[in-house]
Amino acid sequence: MIANILRRPVLVTGLVVTLALVAIALLSLVWTPAQPSKMQILLKLKPPLAAGLLGTDHFGRDLTSMLMVGAWNSLSTALVAVAIGASIGTAVGVFVAAQRGWAEVIVMRICDIIFALPPILSAMMLGAFLGAGRFTAILAIATFMVPVFARLTFGAALQIWTRDYVMAAIGMGRSGMAITFTHVLPNISNQIIVQVTIQLGLAILTEAGLSFLGLGMPPPAPTWGRMLADAQTYLGQAPWLALLPGLAIALAVLGFNMLGDGLRDLLDPRDRN
Numbered sequence: 001m002i003a004n005i006l007r008r009p010v011l012v013t014g015l016v017v018t019l020a021l022v023a024i025a026l027l028s029l030v031w032t033p034a035q036p037s038k039m040q041i042l043l044k045l046k047p048p049l050a051a052g053l054l055g056t057d058h059f060g061r062d063l064t065s066m067l068m069v070g071a072w073n074s075l076s077t078a079l080v081a082v083a084i085g086a087s088i089g090t091a092v093g094v095f096v097a098a099q100r101g102w103a104e105v106i107v108m109r110i111c112d113i114i115f116a117l118p119p120i121l122s123a124m125m126l127g128a129f130l131g132a133g134r135f136t137a138i139l140a141i142a143t144f145m146v147p148v149f150a151r152l153t154f155g156a157a158l159q160i161w162t163r164d165y166v167m168a169a170i171g172m173g174r175s176g177m178a179i180t181f182t183h184v185l186p187n188i189s190n191q192i193i194v195q196v197t198i199q200l201g202l203a204i205l206t207e208a209g210l211s212f213l214g215l216g217m218p219p220p221a222p223t224w225g226r227m228l229a230d231a232q233t234y235l236g237q238a239p240w241l242a243l244l245p246g247l248a249i250a251l252a253v254l255g256f257n258m259l260g261d262g263l264r265d266l267l268d269p270r271d272r273n
């Protein structure tokens with residue numbers, strides 16, 4: 001198995017980038033080079049290596065520490081949102097595949113409606129009622145993830161329901177729920193895992209966009225999106241303020257996308273070489 005993984009450079013690269021992101025996020029819980037919220041006006045807008053490893057922002061806060069804590073804030077928000085969306089969407093998808101009929105029509109139309117409202121717009125509407133914050137961001141992202149996983153599991157489950165061993169189970173009088181848990185879910189789990197990794201990258205990008213608009217975690221909690229928003233005023237004077245969080249977001253999304261692509265190839269039953 002390990003040798004098979006090492007023969008896939010896309011998977012290895014995605015795995016390395018993702019593990020590095022997770023390690024930095026977890027490290028920020030116990031250690032950072034400086035207090036990320038500590039302001040030192042005398043050290044404001046210092047370039048990398050002039051004050052700390054990556055310099056300081058317009059308040060003199062250490063950028064290295066802010067990026068580390070921002071990694072945890074972005075990753076934890078994305079993980080919770082995708083976990084909620086994947087759980088609900090998978091449950092809905094396999095239920096509809098087992099029931100069909102009016103359940104299929106109603107659920108698919110609801111999915112179409114949700115797809116018509118992108119997460120940014122959903123967060124803006126939710127923010128008007130609930131106020132900006134992590135809960136609003138998680139709810140908006142999770143709401144958009146539900147139809148993604150519902151459609152994926154519904155389509156994959158329909159294929160399993162046509163297999164001979166499922167027909168045999170039906171002939172033996174087994175219930176739809178028993179068949180779902182015994183035959184359907186185990187056979188579509190690979191596709192769900194791959195989709196989770198890909199959607200994690202999208203969730204991180206969406207969280208950054210929400211924070212950029214002021215709909216994410218409130219200050220002073222550092223987030224990559226807010227760091228980008230704050231850097232707009234100082235692009236000519238301190239371009240690293242925008243470059244560093246932008247690079248962090250790009251690497252995180254790239255890592256999860258490459259991990260998803262690599263897992264898709266690795267878990268493809270048609271490719272076992």
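Numbering of the sequence shown is given in full-length UniProt numbering, commencing with residue 1 and proceeding in unit increments. The beta carbon of each residue, even a glycine, is placed where N, CA and C say it ideally should be.
Quiz item: Would DSSP call Thr56 helix, strand or coil?
Solution: As a working mapping, residue 56 is identified with position 56 in the sequence shown. In the structure shown, Thr56 adopts extended strand secondary structure according to DSSP, grouped into three states.
Self-check item: Cβ contact check for the segment 25–37 and the segment 63–75: 3 or more pairs under 8 Å
Solution: Yes: the two stretches touch, three or more of their Cβ pairs being nearer than 8 Å.
Quiz item: Rounded to a whole number of angstroms, what is the C-alpha to C-alpha distance between Ala252 and Met39?
Solution: By 1-based counting over the sequence shown, the position of residue 252 is 252. By 1-based counting over the sequence shown, the position of residue 39 is 39. Linking Ala252 to Met39 through their CA atoms gives a straight-line distance of about 27 Å.
Quiz prompt | Whole-Å CB distance - Leu54 paired with Leu244, under 8 Å assumed | solution = As a position in the sequence shown, residue 54 is number 54, starting the count at 1. As a position in the sequence shown, residue 244 is number 244, starting the count at 1. Rounded to whole angstroms, the Cβ separation of Leu54 and Leu244 is 6 Å, and the two are in contact under 8 Å.
Quiz item: Taking Cβ positions, are Gly85 and Ala142 nearer each other than 8 Å?
Solution: The residue labelled residue 85 in the question sits at position 85 within the sequence shown. The residue labelled residue 142 in the question sits at position 142 within the sequence shown. The answer is yes: Cβ separation under 8 Å.
Quiz prompt | With 16 other Cβ atoms within 10 Å as the buried cut-off, status of Val92 | solution = As a working mapping, residue 92 is identified with position 92 in the sequence shown. Counting of Cβ neighbours within 10 angstroms places Val92 among the buried residues, the total reaching 16 or more.
Quiz prompt | Alpha-carbon to alpha-carbon, Gln199 and Leu163 | solution = For the purposes of this step, residue 163 is identified with residue 163 of the sequence shown, where counting begins at 1. For the purposes of this step, residue 199 is identified with residue 199 of the sequence shown, where counting begins at 1. The identity of residue 163 in the sequence shown is Arg, whereas the question assumes Leu. Cα atoms of Arg163 and Gln199: separation of roughly 29 Å, rounded to the nearest angstrom.
Quiz prompt | Residue from Met172, Ile160 and Met125 whose Cα sits closest to the Cα of His183 | solution = Residue 183 sits at position 183 when you count from the first residue of the sequence shown. Nearest C-alpha to His183: Ile160.
Exercise. With a 10 Å radius around its C-beta and 16 neighbouring C-beta atoms as the bar for buried, classify Met258 as buried or exposed.
Key: Along the sequence shown, read from residue 1 onward, the residue named residue 258 stands at position 258. It counts as buried.
Quiz item: Are there 16 or more other CB atoms within 10 angstroms of the CB of Gln35, so buried, or fewer, so exposed?
Solution: By one-based count along the sequence shown, residue 35 stands at place 35. By the neighbour-count criterion, in which 16 or more other beta carbons inside 10 Å mark a residue as buried, Gln35 falls on the exposed side.
Quiz item: What did DSSP end up calling Asp268 once you bin it into helix, strand or coil?
Solution: In the sequence shown, the residue the question calls residue 268 occupies position 268. Coil, per DSSP.
Quiz item: Counting Cβ pairs closer than 8 Å, one from the segment 226–237 and one from the segment 208–217, do we hit at least three?
Solution: Yes, the segment 226–237 is in contact with the segment 208–217.
Quiz item: Counting Cβ pairs, one atom from each stretch, are 3 or more of them under 8 Å apart for the segment 93–108 and the segment 148–155?
Solution: A contact exists between the segment 93–108 and the segment 148–155.
Quiz item: From which residue to which residue does the alpha helix (DSSP H) around Val30 run?
Solution: Counting from 1 along the sequence shown, the entry for residue 30 is found at position 30. Where Val30 is concerned, there is no enclosing alpha helix (DSSP H), given that its DSSP letter is neither H nor E.
Practice problem: Report the option in Tyr234, Ala81 and Leu42 whose CA atom is closest to the CA atom of Arg61. | Solution: The residue labelled residue 61 in the question sits at position 61 within the sequence shown. Answer by Cα proximity: Leu42.
Self-check item: Proximity below 8 Å, CB of Phe75 to CB of Val194
Solution: Here residue 75 refers to the residue found at position 75 of the sequence shown. Here residue 194 refers to the residue found at position 194 of the sequence shown. First, the amino acid is wrong: residue 75 is Leu here, not Phe. Contact: no.
Quiz item: Could you give the residue range of the alpha helix (DSSP H) that holds Arg109?
Solution: For the purposes of this step, residue 109 is taken as the residue at position 109 of the sequence shown. Counting along the chain, Arg109 sits inside the alpha helix (DSSP H) bounded by residues Trp102 to Phe115.
Quiz item: Is the Cβ-Cβ distance between Thr64 and Pro33 less than 8 Å?
Solution: Position 64 of the sequence shown, counting from 1, holds the residue named residue 64. Position 33 of the sequence shown, counting from 1, holds the residue named residue 33. Here Thr64 is near Pro33, since their CB atoms are less than 8 Å apart.
Self-check item: Status (buried if at least 16 other CB within 10 Å, exposed otherwise) for Trp240
Solution: If you number the sequence shown from 1, residue 240 lands on position 240. With 16 or more other Cβ atoms within 10 Å, it is buried.
Quiz item: Between the Cα of residue 314 and the Cα atoms of Leu117, Ala140 and Pro118, which residue gives the shortest distance?
Solution: For the chain, the structure presents residues 1 to 273; residue 314 sits outside this window and is missing.
Exercise. Keeping to the same chain, check which residues put their C-beta closer than 6 Å to that of Pro222; ignore five residues upstream and five downstream.
Key: On the sequence shown, position 222 is the one that residue 222 refers to. So the qualifying residues of the chain are Pro36, Met66, Val69 and Gly70.
Quiz prompt | Cβ separation of Ala103 and Leu158, assumed to be a contact under 8 Å, to the nearest whole Å | solution = Along the sequence shown, one-based indexing puts residue 103 at 103. Along the sequence shown, one-based indexing puts residue 158 at 158. A Cβ-Cβ separation of about 13 Å leaves Ala103 out of contact with Leu158 under the 8 Å criterion.
Practice problem: Give the C-beta separation of Ile204 and Ala78 to the nearest angstrom, bearing in mind that I take them to be a contact with Cβ-Cβ under 8 Å. | Solution: Position 204 of the sequence shown, counted from the first residue, corresponds to residue 204. Position 78 of the sequence shown, counted from the first residue, corresponds to residue 78. Under the criterion of beta carbons closer than 8 Å, Ile204 and Ala78 qualify as touching, at roughly 5 Å.
Quiz prompt | Opposing strand residues paired with Asp164 [DSSP bridges] | solution = Taking the first residue of the sequence shown as position 1, residue 164 is located at position 164. Answer is none; Asp164 lacks a bridge partner.
Practice problem: State the CB to CB distance for the pair Phe256 and Thr18, rounded to an integer number of angstroms; the pair is presumed to be in contact (CB under 8 Å). | Solution: On the sequence shown, position 256 is the one that residue 256 refers to. On the sequence shown, position 18 is the one that residue 18 refers to. Confirmed, about 6 Å.
Self-check item: Contacts around Gln237, its chain only, beta-carbon distance under 7 Å, and the 5 residues preceding and following it disregarded
Solution: Taking the sequence shown and counting its residues from 1, one reaches residue 237 at position 237. Excluding the 5 residues flanking it on each side, Gln237 has same chain C-beta neighbours closer than 7 Å at Leu45, in chain order.
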